[in-house]
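Visitor: Have a look at this one before I ask anything.
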């Protein structure tokens, strides 16, 4: 009797399992929203899924896949799919620092506004008749706003009526409305302190200031500074307080950038994560400690809605 090598049997078994659909599990999906109004009627493709966004901007995407958006065949961008998508997400693929003032973001918003009907509340509905398809199905949205305007006239004639400032205002207003709410979190970091060889008590010191403290050694220790509550309004203004009673006053700018003064000597700079509803960033804090020259605390803040 002729023996069949074991590796052939294993290969055949794997083939049978594969043929029976053992590896053809359905993709995991989730629902996202495209926000710039919101935008309804926007064509999208994510993995094996495709369709047009609902009036509220919602779409279904494959988790772990990208999503591509287009208008009458013209692709406006593609980015990793998230629960909330904006023109900023599409531009961030090429520029991680993209915001509502970036040329590519402004160009996408102007194009969408020119290709839509917009109701009194800012909701947009794509009207494909307002866009003339191009043979390449692409446009250089990354161009400067002036160069893009000249290039786009034949594709979306209505874009000439949408100014750069109108586009920025429309997007930031949409994002501010999406982000409005109360956020809570903590702020913490590391404090640099010096152990004075003459006086054993620990005093705050600037990094590298050991020589000024009579040879004392510098150490860095974790410091829990407290908790905070911030309310962001639909106009982008923000206010709140820390658990230590320090007032927080700030605002959102460029859609996702957060800046605030906290108490008398802290400045908080960070970003909003639209999909996760989180707010985080870094703190610039210069104290006037008991040692001459003050001290330094390098810290951060993080929280969510």
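In the working numbering, the protein residues as written are 106 to 410. We put the CB at the ideal spot given by N, CA and C, even for glycine. None of the values given here were measured: they were computed from a predicted structure.
(1) With a 10 Å radius around its C-beta and 16 neighbouring C-beta atoms as the bar for buried, classify residue 258 as buried or exposed.
(2) Using a threshold of 8 Å, is the CB atom of residue 233 nearer than that to any non-hydrogen atom of the ligand ATP?
(3) Using the DSSP secondary-structure output, state which residues sit across from residue 246 in a beta bridge.
(4) Looking at the structure shown, is residue 168 part of a helix, part of a strand, or coil, going by DSSP?
(5) On the premise that residue 290 lies in contact with residue 406, defined as a C-beta separation below 8 Å, what is that separation, rounded to the nearest angstrom?
(6) I'd like to confirm the pairing. Which residues does DSSP put opposite residue 185 in its beta bridges?
(7) Residue 333: which of 292, 260, 363 sits nearest, CA to CA?
(8) Strictly by DSSP, which residues pair up with residue 374?
(9) What's the C-alpha gap between residue 283 and residue 152?
(10) Taking the beta strand (DSSP E) that residue 138 falls in, what are its first and last residues?
(11) Just how far apart, CA to CA, sit residue 270 and residue 328?
(12) To which residues of the same chain is residue 409 closer than 8 Å at the C-beta, ignoring the five residues directly before and after it?
Guide: Based on what the coordinates show:
(1) The residue is exposed, with fewer than 16 neighbouring Cβ atoms inside 10 Å.
(2) With respect to the ligand ATP, the structure offers nothing, as it holds no ligand at all.
(3) In the DSSP assignment, no residue is bridged to residue 246.
(4) Residue state for residue 168 is assigned as coil, using DSSP reduced to three classes.
(5) Rounded, the Cβ-Cβ distance is 6 Å, consistent with contact.
(6) 171, per the DSSP bridge assignment.
(7) Check the Cα spacing between residue 333 and each of 292, 260, 363: the tightest is with 292.
(8) Answer is 364, 387, bridged to residue 374.
(9) Here the C-alpha atom of residue 283 lies approximately 27 Å from the C-alpha atom of residue 152.
(10) 134 to 139 is the extent of the beta strand (DSSP E) around residue 138.
(11) The alpha-carbon atoms of residue 270 and residue 328 are separated by roughly 43 Å.
(12) Closer than 8 Å at Cβ, skipping near neighbours: 288, 289, 290, 381, 382, 383, 384.
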